[in-house]
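Notes follow once the structure below has been shown.
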Amino acid sequence: MQQSLTDTTKAQGFPQRLRAVLFDMDGVLYNSMPSHAKAWHRAMAHFGYDLPEQEAYMHEGRTGASTINIVSRRQRGVEESEERIQEIYRVKSQFFNEYPPAEPMPGALELLRKLQAQGLKILIVTGSGQASLLDRLNHHFPGVFCRELMVTAFDVKRGKPDPEPYLMGLQKGGLRAEECVVVENAPLGVRAAKAAGIFTIAVNTGPLPDNALTDEGADLLLPSMQALCDSWEELSARFGA
């Protein structure tokens, strides 16, 4: 049974005068991680590597090059060449595109509309490098996201778990960390957000145990985006929004 917010939330560290919510994308706005995990497993096997699907969830948020090199160093003792990395990632993307398009997470659009009604800024901070990302977001979440308030793989040198993506989100939004909340589903994303000093809500939408998120410092853990949506009024009051 789901615990109350009081039971699952740390006693201190709530944002004061909340102005913005920063969202990860895969596994938060879209139920896309199962396909990503399968595609990573297939692509790495195609090139002679072993990357189990469950492990792919642990690497979520990293750049593709970083994920490939972690596995390459572990299994071959060397890093891959840039040319080889691009080929592996191309095959991974090809496999991913063979799967049906990921559906939006239940509760995601309803939550975004609540934030809009409160006049909060809404940002996306993703490791994705899809060229058509904004068009896809506008299709499923019309009128919510704008390019000026997005951080993607094209914008950063160091992906999650480095705090750079979330620090860039703060910069783009003209925000301070204490005015924001992050919504993440990945351990590395939680670590990045906490390193940036931002209150972080983890939604465990995948197969990882809860402690994979809480051990990285998540301030609040919920089982789904729908649960976050249903709890938002109570949280919002505590955030001073």
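Following our numbering, the numbering of the sequence shown begins with 1145 at its first residue and continues without gaps. Where is the CB? At the ideal position from N, CA and C, for every residue including glycine. Bear in mind that the values here come from a model prediction, so they are computed numbers and not experimental data.
Along the chain, where does the alpha helix (DSSP H) that runs through residue i open and close?
i	result
Ala1183	Met1177 to His1190
Glu1231	Glu1226 to Glu1242
Thr1358	Asn1355 to Thr1358
Met1249	Met1249 -> no alpha helix (DSSP H), and no H or E assigned at all.
Arg1196	Strictly speaking, residue 1196 in this sequence is Pro, with Arg absent from that position. Neither: Pro1196 is in no alpha helix (DSSP H) and is coded neither H nor E.
Arg1320	Note, Arg1320: premise wrong, no alpha helix (DSSP H); not H, not E.
Arg1335	Pro1331 to Ala1339
Identify, in the order they occur along the chain, each residue of the same chain with its Cβ nearer than 8 Å to the Cβ of residue i, setting aside the five sequence neighbours on each side.
i	result
Gln1262	Ser1380 and Ala1385
Gly1361	Val1334, Arg1335, Lys1338 and Thr1344
Pro1248	Leu1173, Tyr1174, Asn1175, His1284 and Phe1285
Arg1217	Glu1223
On the three-state DSSP scale, how would you describe residue i?
i	result
Pro1305	coil
Cys1290	coil
Phe1158	coil
Pro1351	coil
Ser1375	helix
Phe1285	coil
Ala1120	What is shown of the chain runs 1145 to 1385, which leaves residue 1120 out entirely.
Val1215	helix
Ser1380	helix
Gln1315	helix
Arg1206	coil
For residue i, which beta-bridge partners are listed by DSSP?
i	result
Thr1296	DSSP lists no partner for Thr1296.
Asp1170	Tyr1174
Lys1265	Ala1164
Thr1344	Val1326
Please work out which residues of its chain come closer than 7 Å, Cβ to Cβ, to residue i, disregarding the five sequence neighbours upstream and downstream, and give them in chain order.
i	result
Pro1309	Val1269, Val1295, Val1300, Gly1303 and Ala1336
Ser1179	Phe1240, Tyr1243 and Ala1246
Gly1317	Ala1164, Lys1265, Leu1267 and Leu1293
Gly1273	Thr1296, Ala1297 and Phe1298
Which two residues bound the contiguous beta strand (DSSP E) that contains residue i?
i	result
Leu1366	Leu1364 to Leu1366
Is there at least one non-hydrogen atom of the ligand GDP closer than 6 Å to the beta-carbon of residue i?
i	result
Leu1255	Inclusion of the ligand GDP in the displayed structure is not the case, the ligand content being empty and no account of it being possible.
Note down, in chain order, each residue of its chain lying with its Cβ closer than 6 Å to the Cβ of residue i, except the 5 sequence neighbours on either side.
i	result
Pro1307	Ala1336, Ala1339 and Ala1340
Glu1204	Ala1330
- Item | Sufficient close CB pairs (3 or more, under 8 Å) joining the region 1226-1238 to the region 1187-1207 | Yes, the region 1226-1238 is in contact with the region 1187-1207.
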